[in-house]
Amino acid sequence: MSTLDLKRSGILLLVCMMTSLSSYAQLHGTVINKKGKAVKHLKICLRKITDSTQSDNQGHFYFPNVSPDDTIVITVSKREDAVIPVGYVKNLVVVLQKKNFIVKKDTENVVCEYKRSRLSLQNTNIITREQIEDISATSIYDIFRFDIPGVDVIDDSEGSRIIIRGATSLEQVREPLFVIDGMYFESSAAADVRVSVNDIEKIEILKEGAGYGVKGGYGVIVITTRK
Numbered sequence: 013m014s015t016l017d018l019k020r021s022g023i024l025l026l027v028c029m030m031t032s033l034s035s036y037a038q039l040h041g042t043v044i045n046k047k048g049k050a051v052k053h054l055k056i057c058l059r060k061i062t063d064s065t066q067s068d069n070q071g072h073f074y075f076p077n078v079s080p081d082d083t084i085v086i087t088v089s090k091r092e093d094a095v096i097p098v099g100y101v102k103n104l105v106v107v108l109q110k111k112n113f114i115v116k117k118d119t120e121n122v123v124c125e126y127k128r129s130r131l132s133l134q135n136t137n138i139i140t141r142e143q144i145e146d147i148s149a150t151s152i153y154d155i156f157r158f159d160i161p162g163v164d165v166i167d168d169s170e171g172s173r174i175i176i177r178g179a180t181s182l183e184q185v186r187e188p189l190f191v192i193d194g195m196y197f198e199s200s201a202a203a204d205v206r207v208s209v210n211d212i213e214k215i216e217i218l219k220e221g222a223g224y225g226v227k228g229g230y231g232v233i234v235i236t237t238r239k
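The numbering of the sequence shown is my numbering, which starts it at 13 and goes up by one.
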């Protein structure tokens, strides 16, 4: 290859890199209520790259590397999300109201409706890949926080635990057996470390784990990943 060809290749590579980098940008945001007060400690996710953060004490949040075709999901409550397409906005203010929210993008104000974040299971014991993507989960705990029938997430001084109602009692809180592609894990913490939410294809919840012996006595959560 000649020197001229090398130079041309270098220029082409530089142009490609600039084009790629220019499609991503920093994004600064603020979450406030209708009285203008900061709403702090809300979970805020990016769907495309499954990045997440929280609003700080001033309601501010920040993502360093955002694509225009990504979507911001602000978890307002266990059953409601504020879902906002990013576009080419670098700064935005989200005003949370009782029945809707306002997105202030530069000089444009857009009123939007909340979207329900509750998982509506067609089959009461199976969670699909599509449903996991809809709630923008970043851990297995996120999945089971969305009012899934028969399942609770307990947060206490010992950390977070997942229990199947009917397979345990308040006096003896025991987690179910987690089975990931045939491998057994006896705690949600171990299962969460083992599997990435992005790799989960399907989750099946079994209140009766008799087929798994004594270990399945408190129920079984079977996780199948994408091969």
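From the three backbone atoms N, C-alpha and C, an ideal C-beta is built for every residue, glycine too.
Beta-carbon proximity list for residue i, same chain, < 7 Å, skipping 5 on both sides
i: D93; result: V85, I86, T87, Y126, K127 and S129
i: G225; result: none
i: K46; result: V107 and Q109
i: K55; result: S64, Q66 and T87
i: S162; result: It is worth fixing the name first, because residue 162 is Gly in this sequence and not Ser. Counting only Cβ-Cβ distances below 7 Å, and skipping sequence neighbours, we find I176, R177, G178, I217 and K219.
Boundaries of the beta strand (DSSP E) in which residue i is found, first to last residue
i: F156; result: Here F156 belongs to no beta strand (DSSP E); instead the alpha helix (DSSP H) covers I152 to F156.
i: R173; result: G171 to I176
i: E92; result: E92 to P97
i: Y74; result: H72 to V78
i: S64; result: D63 to Q66
Nearest candidate by alpha-carbon position, reference residue i, set the options
i: E213; options: R238, S89, L108 and V232; result: R238
i: K102; options: T119, I166, L189 and C124; result: T119
i: S151; options: Y196, A202, F73 and R186; result: A202
i: I144; options: G228, K47 and E216; result: E216
i: E220; options: V209, S208, V234 and V207; result: V234
i: Q109; options: V98, C124 and Y100; result: C124
i: I155; options: V98, N210 and P97; result: N210
i: S89; options: K52, G171 and Y36; result: K52
Contact check, residue i vs residue j, beta carbons under 8 Å
i: V43; j: L58; result: no
i: Q38; j: P80; result: no
i: Q70; j: A50; result: yes
i: S200; j: Y153; result: yes
i: D164; j: R177; result: yes
Limits of the unbroken alpha helix (DSSP H) element including residue i
i: D146; result: R141 to D146
i: S200; result: S200 to R206
Nearest-angstrom beta carbon gap, residue j and residue i [assumed within contact, 8 Å]
i: V122; j: L189; result: The Cβ separation is near 47 Å, so there is no contact.
i: T236; j: D193; result: 7 Å
i: I174; j: F158; result: So it is not a contact: roughly 12 Å between Cβ atoms.
Close-in-space but distant-in-sequence residues of the same chain around residue i (CB under 6 Å, 5 per side omitted)
i: K117; result: V101 and L104
i: D204; result: S151 and I152
Chain-order list of residues whose beta-carbon lies under 8 Å from that of residue i (same chain, five-residue window excluded)
i: N112; result: V123, C124, E125 and Y126
i: A222; result: G228
i: K60; result: S79, D81, D82 and T83
i: V207; result: I152, I192, I235 and T237
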